[in-house]
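Below: the structure, in structure tokens.
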Amino acid sequence: MTPPELRDLLADALALWDVPGRPAVAGGAVTLAAPDGSALRVLPAAPADHPIRWWVERPGQRRPCTSVLGLLRTLRNAMGAETAEARRLRVARPEA
Numbered sequence: 045m046t047p048p049e050l051r052d053l054l055a056d057a058l059a060l061w062d063v064p065g066r067p068a069v070a071g072g073a074v075t076l077a078a079p080d081g082s083a084l085r086v087l088p089a090a091p092a093d094h095p096i097r098w099w100v101e102r103p104g105q106r107r108p109c110t111s112v113l114g115l116l117r118t119l120r121n122a123m124g125a126e127t128a129e130a131r132r133l134r135v136a137r138p139e140a
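In our numbering, the protein residues as written are 45 to 140.
As structure tokens, then:
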């Protein structure tokens, strides 16, 4: 997944979670600000870090993510998104 594709995915996730934020691509990483103002960066992992695919960095912390699901969960927690009521997307065939 390229940084622009990841930026778009994160923008969609923030909208779904009702969390304000605007991800941006900067130097091969995706950056955004948490609601408390702290900077977050999502960096692609090096091939030597396998099975880690991304690193999520915030001041004083660096967390590994091995999947898109893990990345979204880590960012959801870092952004303070509500977890009381999970939103679910359902894929259905269009009605004829």
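Here a beta-carbon is modelled for each residue, glycine too, at the ideal position from N, C-alpha and C.
Start and end of the beta strand (DSSP E) containing residue i?
i    : result
T75  : 73-77
E101 : 98-102
A70  : 68-70
Who pairs with residue i in a beta bridge, going by DSSP?
i   : result
R85 : T75, E101
Does DSSP put residue i in a helix, a strand or coil?
i    : result
P48  : helix
P108 : strand
A55  : helix
P91  : helix
My understanding is that residue i touches residue j, with C-beta atoms under 8 angstroms, so please give their C-beta distance in whole angstroms.
i    : j    : result
G124 : P95  : Not quite, the Cβ-Cβ distance comes to about 28 angstroms (not below 8 angstroms), so this is no contact.
L20  : A57  : Beyond the ends of the chain as shown, which are 45 and 140, falls residue 20; an answer cannot be given.
A83  : P103 : 7 angstroms
Where do the N-terminal and C-terminal ends of the alpha helix (DSSP H) with residue i fall, by residue?
i    : result
G114 : 112-123
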